Amino acid sequence: MGKALKRSHIREAAFLLIFEKLFRDDTCDEIIESAKDADEYDFNDEVCRIFKAVSEKAGELDGIISEYSEKRKVNRIGKVSLAVLRLAVYECLYEESVPTSVAISEAVLLTERYAFDTDKQFVNGVLGSFSRSGKIPEKNIPEKAQGDEE
Numbered sequence: 394m395g396k397a398l399k400r401s402h403i404r405e406a407a408f409l410l411i412f413e414k415l416f417r418d419d420t421c422d423e424i425i426e427s428a429k430d431a432d433e434y435d436f437n438d439e440v441c442r443i444f445k446a447v448s449e450k451a452g453e454l455d456g457i458i459s460e461y462s463e464k465r466k467v468n469r470i471g472k473v474s475l476a477v478l479r480l481a482v483y484e485c486l487y488e489e490s491v492p493t494s495v496a497i498s499e500a501v502l503l504t505e506r507y508a509f510d511t512d513k514q515f516v517n518g519v520l521g522s523f524s525r526s527g528k529i530p531e532k533n534i535p536e537k538a539q540g541d542e543e
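Counting from 394, one number per residue, gives the positions in the sequence shown under the numbering used here.
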C-alpha cells in the first residue's frame, strides 16, 4: 500500500471510498479491505488516511456544506456530490499542502466525471460560497502572485 501516486489519483481514490461509505454501514477498515480484495483501483496509505479523516469529520463537514448549500439540504444532495463536497471541504480546512483553488477545481472535475452537469454547477456554487466565507485557514488561500505590486 506504499505506492507513489499523484495527488489527483489520491483524491479520486479517496473520493471513491468516501462515496462507497455513503452506501454502507461498514467501518472504514472494512471498506478498505473490500477495496483491496476487489483490486479495482490503486490506493495507498495517504488515500486511506484521507478517507478515514473525512469519515470521522463527516458531521462537521456536512454542517459546513449545509451552511453554504442554498438550494438543497444535505440529505437531498446526490451521493456523488456529497462525497465530492465532503472531500473538498476537508481539503480546504485540513490539508495544508492543498491550495483551496486546487481543491475546488479538482472537486469540479470529479463531479464532471461522475455526476450530471447540474451537479457540477451546484458543487462549484457551494464551494465558491465556502471559499469566500473567510472560514478557510489563511495558509490555504493563495497569496498575490509574485510581481503583482510592480
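Ideal placement from N, C-alpha and C gives every residue a C-beta, glycine not left out.
From a predicted model like this one, the values you see are computed outputs, not experimental measurements.
Outcome for residue i when other beta-carbon atoms lying within 10 angstroms are tallied against a minimum of 16
| i | result |
| --- | --- |
| residue 404 | buried |
| residue 528 | exposed |
| residue 444 | buried |
| residue 397 | exposed |
| residue 515 | buried |
| residue 433 | exposed |
Local conformation of residue i per DSSP, three classes
| i | result |
| --- | --- |
| residue 482 | helix |
| residue 399 | coil |
| residue 524 | helix |
| residue 404 | helix |
| residue 464 | coil |
Start-to-end residues for the alpha helix (DSSP H) that takes in residue i
| i | result |
| --- | --- |
| residue 494 | 493-507 |
| residue 470 | Residue 470 -> no alpha helix (DSSP H), and no H or E assigned at all. |
| residue 457 | 451-461 |
Point to revise | alpha helix (DSSP H) runs contained entirely in the region 412-448, provided each spans 4 or more residues | key: List check, alpha helix (DSSP H) in window: 421-431.
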